[in-house]
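Take a look at the structure below.
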Amino acid sequence: MSALTETVWDVVVVGGGNAALCAAIEAAEAGRRVIILEGAPKTYRGGNSRHTRNFRCMHRGPLSVLTDSYEEDEYLDDLLRVTKGNTDENLARLAIRTSEQCLPWMEAHGVRFQPSLSGTLSLGRTNAFFLGGGKALVNAYYNTAADLGIEVVYEAQVAHVEIEDGRFNAVEVEIAGGAKQRIEGRTVVLASGGFQGDIDWLARAWGPAARNFLIRGTPYNRGVVLKDMLDQGADSVGDPTQCHAVAIDGRAPKFDGGIVTRLDCVPFSVVVNKNGERFYDEGEDVWPKRYAIWGRLVAAQPDQVAYSIIDSKSANLFMPSVFPAVEADTLEGLAEKMGLPAEKLRQTVGAFNAACREGNFHPTELDGLATEGVEPQKTNWARPITDPPFYGYSLRPGVTFTYLGLKVDETARVTMDGRKLENVWAAGEIMAGSILGEGYLAGFGMTIGTVFGRIAGQQAAQGAVRGENSHAA
Amino acid sequence: MPLDQARTELSTTEEARRQIEICNACRYCEGYCSVFPAITLQRSFSDGDITQLANLCHNCRGCYYACQYTDPHEFQINLPKALAEARTESWERFSWPGVFSGLFQKSGVALAAALIVGFAALFWAGQALRPESGEGFYAFLSHSVMIGIFTPAFLLPLLAIALGLRAYWREVGGAPVRLAYLVRAFREAARLKDLSGGVAGGCNFEKEDRYTNVRRWHHQAVMYGFLLCFASTGSATILHYVFDMPAPYGLFSLPKLLGIPGGVLLTLGGLGMAVLKTRGEKNLGASALWGGEMAFVLLLSFTGASGLALYAATGTALVGWVLPVHLGAVLAFFLTAPYTKMVHGFFRLAALVRNAQQT
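Okay, structure coming up:
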């Protein structure tokens, strides 16, 4: 390990996901000596990028696997809709505009896209899907990094970023649980993700309910570097109490369940809490548009759990679930298997069924088939739950990412007390709050990571040369 | 919960089903090969569905290296291995007669023993049944003796494989076969589409998560080499019986024009496959079969090489040695074919036909 500590690296990249890799590749291609400090072991490398699937990309005409066109204004409108305007429009436009040139760059660095998608999401125009998903993308970038001679250290937990007089000198890092070592660099790119892996931090921000949340992504995003930077006075963006949470299968693993834990059954179901009471309009809008709000809704229920109940009419209307549904021939039997009060569930479903009316049911569009005279109303897809067998899924909030992060400018430069740090850049989830203040847009996390990762890498490469010259002088 | 229960209790088919159901909820891999689009057709999977999917898999391993749920993740996905094990179990189930099932699949030693028996049989025939006169090979082994040995040694294995295919077709619920299905299946087999990794440019067999087409090319060399050798023998048979032109044949005859490139492809392709096998991660296939599979590709390669050696020895006294060696290898190859990796070609083709019916 002495080579690591004796070298003064041109660019130290903290983190090992998409943004970190994009930064490292850019810097190495500019001729710099680059080291990647990835906190996870090799098998879990790549942070949350392992779990991603696609990249949202602006394009003025057909581009690679993308059809038609998806131009800046439409993309920005989509972003403004989900963030309710809570974005830095300047940075957002930069990310959107640059995304167009990123796609060919990704292909040139080994990323493969699926020619067309036969699945459930009709995103062939706006989103390019990675062949094999995010881990395949991460693998491609690690192979590129190896070919470029980038040093990669796994299980390298950065504990402290040394900043003195607005200038970065070194990081303190523990490798594979060993003693702290000091790795020096001329520049640093911070791309170490959010803090959703630190349940205590989530609980401080959200209250004790957060201890019942499930974390959909990597357990290695514990926000250590983010906290260290904020403690040193780095400027922050985003609300620490906010995180993006969706309602996922309640039986999912505590960490790292990823995509398969999603449940698409809610619009065709009645959803009750542990007391057997309904609490929200299950048919408010098409899934997945309303998917995101259910994390919050379930988080507000007792014990942060809810139960989605359908009958045999709806069993095949949504994507297959990873865990089989709980199944019973009667509602009472289902209640017993799921630990719900049977009599109360029977009453709730009875009242719901009585409020259903005749009409045309269209599972793929807003059909206006609404209930009458029940609170809360179900405004679409309201069909009585009557045909056995009955099926139930438990729901829990699953955290996708946190919003609190480092504030950056259009060169991905980090500021402290309003002043630009000389040689510190940030990319990916650690600065995504600068653009994505709330809500979520499928594939936009990868856009931010790729665009700002590349910018950070280019900037750091230039900064390393300047730093070298200034030392020489 | 259900997914992390002790998996040692699951049968091979149940374990493959457990993994396939996770894949069906994920669907990130749908561009790699035919297995994933086939999975998305269903929500629940019968044993026959598992058999079909297992025989559709070409063990390219692209999905394994792309999967975020591989060990040490608690979902423990290793689909290439799960399907390889389900696939070889299905071959054992379909093999006829069942007494040989599994023997040559698993055991390289058994296949080597078969080869020695093949040599011995031909050397014995060469000594005991030596013709009084004859030209070329037939100076050492008469045409009628060759026919007497190889006609049953060719037809009986074919019958056994046909019975196995019938059992396969029943288990996977196959429908009547139409020409369009056959055309599509043969076209996909001809270019080994499912080893192409979709747009990835090959598979992940021997260089971990890097893509290469090396395995696909070697496999094609073996496949086309074998078919050319087969066509060479077939053309010689026709020349002999229809045109009354017995062996030996000159360089510019049909048997040689087919057989020499065929032998070269088979020899080099087989050796290449053997080398690649030493580089691939054992635990992503049916690791218990590694020895049997290695012996099989080496036997293929040896059969091709000994055929070329026989041609090179034409007109010399060496023919007396090389001829029984080559014919012994051919004999061992044919007789064990229903019980070696050779069957994968037949079942894969059947799976491609079935897939053409379904997708």
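Heads up: the protein sequence lines correspond to chains R and A, in order. Numbering follows my numbering, in which position 256 of the first sequence is assigned residue number 256; successive positions increment by one, without gaps. Numbering follows my numbering, in which position 122 of the second sequence is assigned residue number 122; successive positions increment by one, without gaps. Each residue gets a CB set at the ideal place from its N, CA and C atoms; glycine is no exception. It should be emphasised that the depicted structure is a prediction, and the values quoted were computed from it without experimental measurement.
Closer than 8 Å to chain A by CB, residue i
i      : result
R:M319 : yes
R:Q458 : no
R:T43  : yes
R:R216 : no
R:L131 : yes
R:G119 : Since pLDDT at R:G119 reaches only 46, below the 50 mark, its modelled position is unreliable, and the value read off the structure follows with that caveat. Yes - at least one Cβ of chain A is within 8 Å of the one on R:G119.
R:Q196 : no
R:N273 : no
R:G368 : no
R:V260 : yes
R:P267 : no
R:R413 : no
R:N316 : yes
R:H109 : no
Backbone CA spacing between residue i and residue j [nearest angstrom]
i      : j      : result
R:N380 : R:E332 : 26 Å
A:F230 : A:L239 : 14 Å
R:G119 : R:K313 : Its pLDDT being 46, under 50, R:G119 is placed unreliably by the model, and nothing is read from it.
A:G389 : A:S253 : As displayed, chain A neither begins before 1 nor continues past 359, which places residue 389 of chain A out of reach and without an answer.
A:L271 : R:P388 : 59 Å
A:A313 : A:V319 : 6 Å
R:L121 : R:G439 : Its pLDDT being 49, under 50, R:L121 is placed unreliably in this model, and the value from its coordinates should be taken loosely. Taking the straight line joining both Cα atoms gives about 19 Å.
R:Q196 : A:L103 : 53 Å
R:G61  : A:R170 : 49 Å
A:G98  : R:G350 : 58 Å
R:D199 : R:V399 : For clarity, residue 199 of chain R is Ile in the given sequence; the question names Asp instead. Whole-angstrom Cα-Cα distance: 11 Å.
A:A162 : A:N204 : 32 Å
R:P240 : R:E429 : 14 Å
R:G132 : A:P324 : 50 Å
R:A472 : R:D10  : With a pLDDT of only 41 at R:A472, under the threshold of 50, the placement of this residue in the model should not be trusted; the figure read from the coordinates follows. Approximately 14 Å, taken between the alpha carbons.
R:H160 : R:V173 : 7 Å
R:G373 : R:C356 : 9 Å
Beta carbon of residue i nearer than 8 Å to that of residue j
i      : j      : result
R:L91  : R:V414 : no
A:V172 : A:Q42  : no
A:A286 : A:E9   : no
R:E542 : R:Y154 : Given a span of 1 to 473 for chain R in the structure shown, any question on residue 542 of chain R remains unanswerable.
A:F75  : A:I20  : no
R:K407 : R:V237 : yes
R:G392 : R:A325 : yes
R:A299 : R:H244 : no
is_contact[residue i, chain R] using C-beta, thresh 8 Å
i      : result
A:V330 : no
A:G202 : no
A:Q68  : yes
A:C29  : yes
A:P80  : no
A:V325 : no
A:G280 : no
A:R210 : yes
A:R216 : no
A:G307 : no
A:A25  : yes
A:P72  : yes
A:Y32  : yes
A:V199 : yes
A:R43  : yes
Residue i burial status per 10 Å Cβ neighbour count (16 or more: buried)
i      : result
A:F186 : exposed
A:N59  : buried
R:I455 : buried
R:V225 : buried
A:L141 : buried
A:E293 : buried
R:Q101 : exposed
R:T67  : exposed
A:D237 : It is worth fixing the name first, because residue 237 of chain A is Thr in this sequence and not Asp. Label assigned to A:T237: exposed.
A:N283 : exposed
A:W124 : exposed
Whole-number beta carbon distance between residue j and residue i, since they are thought to touch under 8 Å
i      : j      : result
R:G194 : R:T402 : 4 Å
R:G257 : R:L214 : 7 Å
A:G111 : A:F296 : A small fix is needed here, since residue 111 of chain A is Leu in this sequence, not Gly. Contact flag correct, Cβ pair sits at about 6 Å.
A:A38  : A:Q358 : 6 Å
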